[in-house]
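Enquirer: Letter by letter, the sequence shown follows residues 1 to 1263 in UniProt numbering. No residue lacks a Cβ here, since even glycine has one placed at the ideal position from N, Cα and C. Got a structure here, written out as structure tokens. Questions coming.
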Amino acid sequence: MSTPRGNLPLVLGIVGILLVAVAIGFVLSSRAPTPIPVPPPQTAQDPNAPPPQTRFTPAQFRVAVEAVAATEEADFERARKHWADLLEIFPDDPDLRINQAVAVLKWIGTIDQALNSNDGKTSPADRERLLQEIDSAYAQASLVTDELAQLEQVDSRVPLIRSAILTSKASRVPYPEDMALHKQAAEILATALKQDPSQPLLATSFDESLNVLAGTAPELESQRADFLYAGWQAMPRNLFLLRRAADALLDAQDPRLQELLQPSLDITRPTWSMLQRQIDSLKPEELVPQAVAAIQAGAWDQTRKLRFWFNLLTATPGFNADNKLVKPDPLALLDTSFLLRLAPEQAPSTENDSSATAAGGSDHSPTLPAYQPQQTTTAAATAAAWYDFDFDLRSDLVVVNDQELEFWHVTVEGLTRAHQLRLTTAASGMLPVDLFEVDAPSRPKLPASVAELMIEHSSAIPAQIAEDAPAVFGGRHDTLQELLLWGQEGVSVITTDGTVAGYRVMEEETGLEPLQEVLHIATADWESDGDLDLLVVTTAGIHMMQNNGNRTFQDISKYSQMPPEQVRVVQTVACDIDRDLDPDFMLVSDGPPAVLENIQHGQFRYRSLESDRWPSLAGSAALAIGDFDHNGSWDFLATSGAESQLTLTRNSGPERMHVIRSERFAGEPPAAAMASSEPSADVAVGDLNNDGHLDLLLASSTGLQARMGIPQAQFAPAVTLTTEPTNSLSLIDRNYEGKLDILAIVNGQPTVWSAPSTAASTNFVDVRLTGINDINGGGRINHYGIGSTLELWGGSTLFMQMVQTPVTHFGLGENSPENLRVIFTNGLTQNVEDVLPNTLVEEKQLLRGSCPYVYGWDGERFQLITDLLWNAPLGLQIARGQTLPDRRWEYLMLPGELVQPRQGKIELRVTEELWEVAYFDHILLTAVDHPAEQRLFTNEKVGPAPLAEPQLFTAEKTVYPLRAFDTRGRDKTSTLQSLDRQYLQPFDIQICQGLCEPHFVELDFGELPTDEHLRLFLNGWMYPTDTSLNIGIGQNPLRNLPEPPSLWVVDQSGQWVCAQPFMGFPGGKPKSIVVDLQGIFPTDDHRLRIAGSQQIYWDEAFVSWDSTPASLRQQTLPLESADLHYRGFSQFLPREPDQPHWFDYQAVSQEPNWPQLDGPFTRYGDVKRILASDDDAMVVMTSGDEIQLTFSAPSTPLPAGWQRDYILHSTGWDKDADINTLHGQGSLPLPFKSQLAYPATLEQAAQAQQVWDKNSATLTRSN
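What follows is the structure in structure tokens.
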């Protein structure tokens, strides 16, 4: 096997979370701004003055690209300088002016967060510096807003930015000055909305401002319903706007409300099956007509149940994505279109001149690389595809041959068959695809050791790809693509157990069984829920098959408008043709050019493109997309075999695409071409020679031809690779050597063309994505990022491609890559600056949810002790429609060595550092003194109240196991002998996060004194599943939910029997649990087995008796102060694979780690009164918040030979932001002590309102 050219380096982005709706990504080191040359001013009287500058110079353009990246990466010093320099060149450019304002607004937010941090380390001098900096920021903001005011008539972003700056400033001034600024912000928005009410973003921002004003501006409040209604009319399929407008109209008893009710049914109906329990309870199809009748009769008291329907809308899959559309992060207002508009002029070239200047700047005729063919011995192949069947991340070959599936290794020495699988039906098409939601537990995975390698090697660093080291980068994906096969007899799925020999034809039902006579299948994640849905073309029509996330599908075609019966579709290509951030499908048919247009929420409509000047190509059989003219808009190449047609487009904004040129060219069949009455055809697009121009491969019954791209989206004359009939055409850089390999079936024989590795002068970049696990609030990203858009700037040329395979290849010519922008399928973007040429760029993710943390003072520094509220998850579904009951109280033992007096007080820090909302009702701290020879324990287990009854235990006599074994008989005795953070992992196979293979730990304590009250003491930690994983497990009939630990003993017959089906378990970070063993042993065999399938790691195990405390002294410590403020996020510490995530409190970042969640949240400041009692008055905190707790130190001195520990009692709840957590994207509705379910049922509506009334005065902070 050849060595990759130039020891291809692997460039990995810093592991992290995408932070905002559009683009905070890789956090790279700040660097000195690139100096920008500014042309000297010319006087109007100078007759020799050159004409005004209309475009950037190359040097200026590099600074412009850097300005965008610096803004998106929060490097505001560099960003502000660059925008100011660019405005010196084009002072009247509105995009530059607005982008400068966006940078200033984000700069203010960053300083504000730093000022809100109060971790005890900010010196007075540093705080004074920050105050001066924010004063400077506001001063610059004032200048910027004054300049923006001149643009207000031409750009709706201007009032949005002006109001946002005022809202930010309001957080820095006292009452009532803050309310005056909020009112001023609302008035700016109201003025703009009066001029043009059809502005959804302005209407939503206006609505948010009124929420803060809380009824203090009645003249503005009276306009809320009108503006929200007009905003909804402008965006009628936006669920967030529909819900907010409906609430306002219901409050105002406005009859226009009835116009929104039927759309609320129509838009959400495709997803009702995901909320079936709530739908069955509310019966919206009955509720809505009843409400309409009541509105028409003026009986508004009969419309109260609509509130519950509107609340249920927030739990539908599309609600959060719609929320982000109308409440974007300020960076969403950043406009990058100016880069194309002001890019330096490209060197002129002659159309159709094969010697024209290439993108890289060299004059040369495009040359097809010296491809060499290799063929399999298969003689009657009907389908072939690139496929990594041996999991080394290098693509090999899979072939359908009659009713056999053949797997072939591809090397420079030749093709070698590695495996065969007998099929049950013949197939004419095949597609490698991941059919599971990202991180779904039942997806096919690599062997556990490889998956573990990927999880634990999360701190990625630059590395080189060595020929002998596939495992190093082989860990980047842990999910295997399966194979979809289709043909006359329907669709089949080929899956695997993670081994080459483990491939099999799936026999389990998928929902695809009714499909017959299938012509083509295309994939796209049209719901942004992290799995790929299928558009299936059959001879009978199109079927929209919605993925349930677990490789089962539901046909939702009836909710969409399909092509007319007379239009025969033969192929579709998924593509966001109008760049509005949702996938559409271009149709290849015998009718006019057409698209299935995505109208969101799982619904599409057929639209002919004839009226848009789209040319038609009779007999089209295949279609490919690419940006041939480098203008940031998709172009389309259709072919019938006999002739081909290129259609170039331009996007002037979302949903504004226009045809700018169309060119048709005939095929050039060789003289010996075979005749065919109905030629089959295929087309592939890629840069075969890396010169920066997209090339064409055209396959038909007359052979395979290449047409090399030249400037101006033209093509050189065809070059013939074969004259035999050719189909099943595809391209990929199979081993990251910087050259595209070609695959096709030639006269029934699969053929691979590979170009030799040479030290070419042209550059390339390969990009490989790993999907993000629901970090954006609008849905997950499928595992391979299929459907995402990649924008790569090389010099002043934009190279754009859509991700369609695991690896996407860019040829750059002589250009050097400068900035890569990844636009994921749900609109999230991520930037990688300073991409090196001839590299592979990858992206990964990080942990996202757990519970609040408590830190204590160890005498020198604050140390993480454990996490809180583990028993009280809100809205956590254990299966679709079934939520886990919550237990809102807990008593946790805090070891005295981590809770030392600080300046005469006891200080604790409670932080919320992950993507969730915490609700604290009451916090109480008790000091417990006990003899040092006794260890103190509380009942910290997760479980129902009777099992986890508050109780203190002491352990003095301890018996450790003489022997301890895991399921496979391995001796683990030493691991459990002490509390030392060396953990026993009792399983080998992790199915998904939180779910493992069934396993046990066997403990042999020898002979125990059964006449004593024996108790088993265990310390450990667990990694949980989340709502989405639970739903995925529940949807898979072959998987069970994680089984919590059960306790087993040996009976009289020598058989293991279950003595305690549920013994409880440690929740989250390391905790100790106590298990009662009284009367548990039926024989003299005192061995125990702890069995289950949860992902639990054990640190210590022993048996003790006489563990009921007799001589403890307890002191309740008065709470002296409690301050809520923004702190930020602690740094991850290195850990072993079996250790929990741990954090360094002293190393804190104040940059947001997570997308914002909807408020309201508790205002910053003193919260002592709120926490003083258990009374449903609560502190509501979110990501980055901290409560600093100060208690009086114990007044009683510690006796000699005694030890002091502490018991922290807290009541409250925690709610993570998983897309499937009920109401997980915001703080509302509030929980309460007596709730029977979350959210509260209709029967408890009055209590829910009382809790809101009790807390509304302090819930005044939006995120």
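Which residue from H922, F636, D695 and S168 puts its Cα closest to that of L812?
Expert: Minimum Cα-Cα distance from L812 among the listed residues H922, F636, D695 and S168 corresponds to D695.
Enquirer: What's the gap between the Cα of P441 and the Cα of G994?
Expert: For P441, the pLDDT reaches just 43, beneath the cut-off of 50, and the residue's location in the model is therefore unreliable, leaving the point undetermined.
Enquirer: For I89, which of L581, F1232, A101 and T54 has the nearest alpha-carbon?
Expert: T54
Enquirer: Please classify D1253 as buried or exposed, where buried requires at least 16 neighbouring CB atoms within 10 angstroms.
Expert: exposed
Enquirer: Roughly how many angstroms separate the alpha carbons of I14 and G795, rounded to a whole number?
Expert: With a pLDDT of 24 at I14, under the threshold of 50, the predicted position of this residue should be treated as unreliable, though the coordinate-derived value follows. One C-alpha to the other measures close to 24 Å.
Enquirer: Does the region 995-1003 come close enough to the region 1066-1077 to have 3 or more Cβ pairs within less than 8 Å?
Expert: Put simply, the region 995-1003 does not touch the region 1066-1077. Fewer than three CB pairs are less than 8 Å apart.
Enquirer: Output the distance between the C-alpha atoms of M545 and A385, rounded to the nearest integer angstrom.
Expert: 23 Å
Enquirer: Relative to the C-alpha of D971, which candidate in R394, L1003 and A955 has its C-alpha closest?
Expert: Between D971 and the set R394, L1003 and A955, the nearest pair of CA atoms involves L1003.
Enquirer: Measuring CA to CA, which of Q903, T726 and R707 is closest to A718?
Expert: R707
Enquirer: Have a look at N831 and F824 and give me their C-alpha separation to the nearest angstrom.
Expert: F824 has its alpha-carbon roughly 11 Å from the corresponding atom of N831.
Enquirer: Check each candidate in M1022, F604, D1084 and V288 and name the one with the smallest Cα separation from residue 1282.
Expert: Examination of residue 1282 is not possible in this model, given that the chain is present from 1 through 1263 alone.
Enquirer: Per DSSP, which residues does T336 bridge with? Please list them.
Expert: Bridge partners of T336: none, in fact.
Enquirer: Please list the terminal residues of the continuous alpha helix (DSSP H) segment that includes G490.
Expert: Segment G490 to T495 is the beta strand (DSSP E) holding G490; no alpha helix (DSSP H) there.
Enquirer: So, is T191 buried or exposed, given that buried needs 16 or more other C-beta atoms within 10 angstroms?
Expert: exposed
Enquirer: What do you reckon, are the CB atoms on S616 and P592 nearer than 8 Å?
Expert: Going by C-beta atoms, S616 is nearer than 8 Å to P592.
Enquirer: If V588 and S560 are in contact, beta carbons under 8 Å, what's the gap, nearest whole angstrom?
Expert: That pair is no contact at about 18 Å.
Enquirer: Any idea if G1054 is buried or exposed, counting beta-carbon neighbours within 10 angstroms, 16 or more meaning buried?
Expert: exposed
Enquirer: Buried or exposed: which applies to T1196, given that a residue is buried once 16 or more other Cβ atoms fall within 10 Å of its Cβ?
Expert: exposed
Enquirer: Could you spell out the range, first to last residue, of the alpha helix (DSSP H) harbouring H82?
Expert: Where H82 is concerned, the enclosing alpha helix (DSSP H) stretches over F76 to I89.
Enquirer: Going by other Cβ atoms of all chains shown within 10 Å of its Cβ, with 16 needed for buried, is G738 buried or exposed?
Expert: buried
Enquirer: By alpha-carbon positions, which one of T797, T425 and F310 ends up nearest to R62?
Expert: T797
Enquirer: Leaving out five residues on either side along the sequence, give the residues of the same chain with a beta carbon under 7 Å from the beta carbon of T510.
Expert: Close CB contacts of T510 within its chain, under the 7 Å cut and outside five residues either way in sequence, are with V493, R551, T552 and F553 (chain order).
Enquirer: Tell me whether the region 272-292 and the region 306-317 touch, counting them as touching only if at least three CB pairs, one residue from each stretch, are closer than 8 Å.
Expert: yes
Enquirer: Could you have a look at Q951 and say whether DSSP puts it in helix, strand or coil?
Expert: coil
Enquirer: On the DSSP letters alone, give me the boundaries of the beta strand (DSSP E) that F1132 sits inside.
Expert: Looking at the DSSP string, the run of the beta strand (DSSP E) that includes F1132 is F1129 to F1132.
Enquirer: The beta strand (DSSP E) that contains N631, what's its start and end?
Expert: It is not in any beta strand (DSSP E) - N631 carries neither H nor E in the DSSP assignment.
Enquirer: With distance defined between alpha-carbon atoms, name the residue in E527, P176 and H543 nearest to V491.
Expert: H543
Enquirer: DSSP three-state label for M1, please.
Expert: Per-residue confidence for M1 stands at a pLDDT of 33, beneath the threshold of 50, marking its modelled position as unreliable; the derived number appears in the next sentence. Correct three-state label for M1: coil.
Enquirer: For the ligand GDP, I want to know if L519 counts as a neighbour, meaning its beta carbon is within less than 7 Å of at least one of the ligand's heavy atoms.
Expert: In terms of ligand content, the structure shown is empty, and the ligand GDP therefore cannot be addressed.
Enquirer: Would you kindly work out how many angstroms separate the C-alpha atoms of T377 and L415, rounded to a whole number?
Expert: 9 Å
Enquirer: If you count every other CB in all the chains shown that lies within 10 Å of the CB of Q566, and 16 or more means buried, which is it?
Expert: exposed
Enquirer: Nearest CA to the CA of L740: which residue from L729, T382, G748 and P750?
Expert: L729
Enquirer: Can you give me the C-alpha to C-alpha distance between L581 and F310, rounded to a whole angstrom?
Expert: L581 and F310 have their C-alpha atoms roughly 26 Å apart.
Enquirer: Buried or exposed for E1136, going by 16 or more other Cβ atoms inside 10 Å?
Expert: Exposed.
Enquirer: What first and last residue would you give for the beta strand (DSSP E) that runs through H809?
Expert: T808 to G813
Enquirer: Put V803 into one of helix, strand or coil per three-state DSSP.
Expert: Coil.
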